[in-house]
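Structure, as structure tokens:
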Amino acid sequence: MRETVGCRHYYGMTPVAKYLRTLVPEFHARTDGELLTEFLLHHGEAPIVEILRRHGDWIWATCRRMLNHADAEDAFQATFLILTQRARKLQHSANIGPWLHRVAFLIVAKNPRPIPG
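With our numbering applied, the sequence shown corresponds to residues 487 to 603, in that order.
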């Protein structure tokens with residue numbers, strides 16, 4: 487059964503999303519800033535892994551769109567390294583996705599290497 491929400495079609499992803507949230511229950515309801523605060527307090531990897539899960543595909547696509555695979559991996563890693571270095575400044579942000587995208591884009595722009603075609 488198809489339900490529409492506005493002009494977009496909804497195909498019943500709510501059950502899937504609910505199931506995925508049960509896999510990491512302590513993080514699903516927390517903002518990115520709260521996860522960064524947790525990272526700063528305990529230096530554990532779980533909050534960063536959750537941020538990576540939330541935003542990693544978008545950041546990887548940004549890097550991969552303009553770089554070959556090896557260089558995209560370097561840019562991707564550099565983006566998240568910068569995140570860990572600047573976590574204190576970002577801990578009050580609810581969503582750091584746009585910030586991560588901008589950092590990734592700037593890294594890619596500074597190191598342009600066309601994809602061999």
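The beta-carbon is built from N, C-alpha and C at its ideal position, and this holds for glycine as well. All of these numbers come straight from a predicted model, not from anything done at the bench.
Mind checking residue i: buried by the 16 CB within 10 Å criterion, or exposed?
i	result
residue 524	buried
residue 582	buried
residue 561	buried
Does the separation of the CB atoms of residue i and residue j fall below 9 Å?
i	j	result
residue 589	residue 565	yes
residue 545	residue 587	yes
residue 594	residue 553	yes
residue 612	residue 517	Any property of residue 612 remains undetermined from this structure, which presents the chain solely from 487 to 603.
residue 549	residue 543	no
residue 530	residue 576	no
With a CB to CB cut of under 8 Å and the five nearest residues on each side skipped, what residues in its chain are close to residue i?
i	result
residue 596	none
residue 591	548
residue 538	566
Quick check on DSSP: helix, strand or coil for residue i?
i	result
residue 588	helix
residue 531	coil
residue 541	helix
residue 578	coil
residue 558	helix
residue 515	coil
residue 570	helix
residue 553	coil
Which residues in the same chain have their Cβ closer than 7 Å to the Cβ of residue i, if we skip the five residues on either side of it in sequence?
i	result
residue 493	Unreliable placement is indicated for residue 493, whose pLDDT of 41 sits below 50; the coordinate value is still reported in the next sentence. Correct list: empty, nothing qualifies.
residue 526	573, 574 and 577
Please list, in chain order, all residues of the same chain as residue i whose beta carbon is under 6 Å from its beta carbon, the five residues on each side excluded.
i	result
residue 541	583 and 586
residue 522	573, 576 and 577
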